[in-house]
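The structure appears right after this line, and notes come after that.
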Amino acid sequence: MAYKSDFFSIFVHIPIMSFELITAIILIILGTAIFIRWIDRRTRPTLYLSLALFSITIAVFIVFTGLFSWFLTWIISGMGAVYSPDLYVFSLPLGYSFVVGYDIFLLLFTIHIFSDKNEKKVIPVAIIGAILIILLFLPTNYWGTNESLGDPVSIRTLTLGLFLVYNMVIYIILTNYAFREAKHADKKVTRRAFQAIGIGQILNILIFIMFLGDAILLLLDPSSPGYSIFVYFAWTFALVATFLFYLGYILPNWFKKIIEKE
35 MAYKSDFFSI FVHIPIMSFE LITAIILIIL GTAIFIRWID RRTRPTLYLS LALFSITIAV
95 FIVFTGLFSW FLTWIISGMG AVYSPDLYVF SLPLGYSFVV GYDIFLLLFT IHIFSDKNEK
155 KVIPVAIIGA ILIILLFLPT NYWGTNESLG DPVSIRTLTL GLFLVYNMVI YIILTNYAFR
215 EAKHADKKVT RRAFQAIGIG QILNILIFIM FLGDAILLLL DPSSPGYSIF VYFAWTFALV
275 ATFLFYLGYI LPNWFKKIIE KE
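For the sequence shown, our numbering assigns the number 296 to the last residue and increments by one with no breaks.
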């Protein structure tokens, strides 16, 4: 059984491909800015935050590359009905795998900023993340690799649901850390900085709710081409969350001035 989402659509895939490219470029600019700050500071939190942002940037670039390969295949075939190529199929679970890296580095960053700096706390998170990566690569998720699998879209929804729970648990914990420390901060600038990081974590939760929403839409309507408005919201939340992490941790002078004028 083939799905409409198996075929390239100029009206569906080119807009999201362009949006993902722009998102990746902005993310790498912010990640590079934080990495440059690490070169000056040489502190672990700065390194972990920059690595987290580079991980999510790689995830976006991988998904973009998969879509671009599909676009090229569509062009080469004479712009006819073309199944998603293997590179596109592989790019989806691989992109999610780098999100696990993003989670781990973000957790390390949070532990060093708000907790006891005990990096061993990350071990169970990394183990569960590795198991989820294996589940994400199973062909029964139906990333477009085998039309004879019947109706396995529901399996993908289940896998993404587990992935959502995994991320939500992590981000809820990280959000609690940030707002707890913000509550006890004496200085207004520090309090606002921690709140910015906390709001960024909330947006991270919304990112995966959006991706799950897109998967549910495809489950309810297999004729849908996918890449609904939920995906655009997800990447927008990723951009805003990254910017808030930058503001909350780097604290540029213009942001400090805004806080001090409150």
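Think of the CB as a built atom: it goes at the ideal place given N, C-alpha and C, for glycine as much as any other residue.
Given the structure is predicted, the values throughout are model-derived calculations rather than measurements.
The residue among F124, F69, N201 with its C-alpha nearest the C-alpha of V133 is N201. The criterion of a C-beta distance shorter than 9 Å is satisfied by S84 and T66. In this model, L141 and T193 are separated by some 22 Å (Cα to Cα). Rounded to the nearest angstrom, the gap between the Cα atoms of L106 and F245 is 25 Å.
Between W269 and V94, the C-beta spacing is below 9 Å. Between Y266 and F53 the beta-carbon gap is near 6 Å, inside 8 Å, which marks them as a contact. Within a 10 Å sphere around the beta-carbon of D248 sit 16 or more other beta-carbons, which makes this residue buried.
In this structure, A219 sits away from G232, with a CB-CB distance that is not shorter than 9 Å.
If you look at I44, you'll find it isn't in any alpha helix (DSSP H); DSSP assigns it neither H nor E. When rounded, the separation of the alpha-carbon atoms in R225 and T80 is 19 Å. Counting the other Cβ atoms within 10 Å of the Cβ of R190 gives 16 or more, which makes it buried. In the DSSP assignment, T224 falls within the unbroken alpha helix (DSSP H) covering 222-254.
W104 is classed as buried because its beta carbon has at least 16 other beta carbons within 10 Å across all chains shown. Cα atoms of R78 and M113: separation of roughly 49 Å, rounded to the nearest angstrom.
Within the model, the alpha-carbon separation for I92 versus G129 is close to 7 Å.
Of the candidates G195, L285, L278, G195 places its Cα closest to the Cα of L253.
By the criterion of a C-beta distance shorter than 7 Å, F143 is surrounded in its chain by P79, Y82, L83, A86, once the five residues flanking it on both sides are discounted. Taking the CA atoms as reference points, A275 sits about 31 Å from D120. Per DSSP, the unbroken alpha helix (DSSP H) holding K290 starts and ends at 287-294. In summary, S111 is exposed, with fewer than 16 beta-carbon neighbours lying within 10 Å of its beta-carbon over all protein chains present.
Within its own chain, the residues whose Cβ lies closer than 7 Å to the Cβ of R71, once the five positions on either side in sequence are excluded, are T80, I284, listed in chain order.
Close CB contacts of Y261 within its chain, under the 6 Å cut and outside five residues either way in sequence, are with V46, I50 (chain order).
Distance check between K155 and each of I168, S43, I207 places I207 closest, using alpha-carbon atoms only.
When DSSP states are grouped into helix, strand and coil, Y261 belongs to the coil group. For P173, no alpha helix (DSSP H) run applies, since DSSP gives it neither H nor E.
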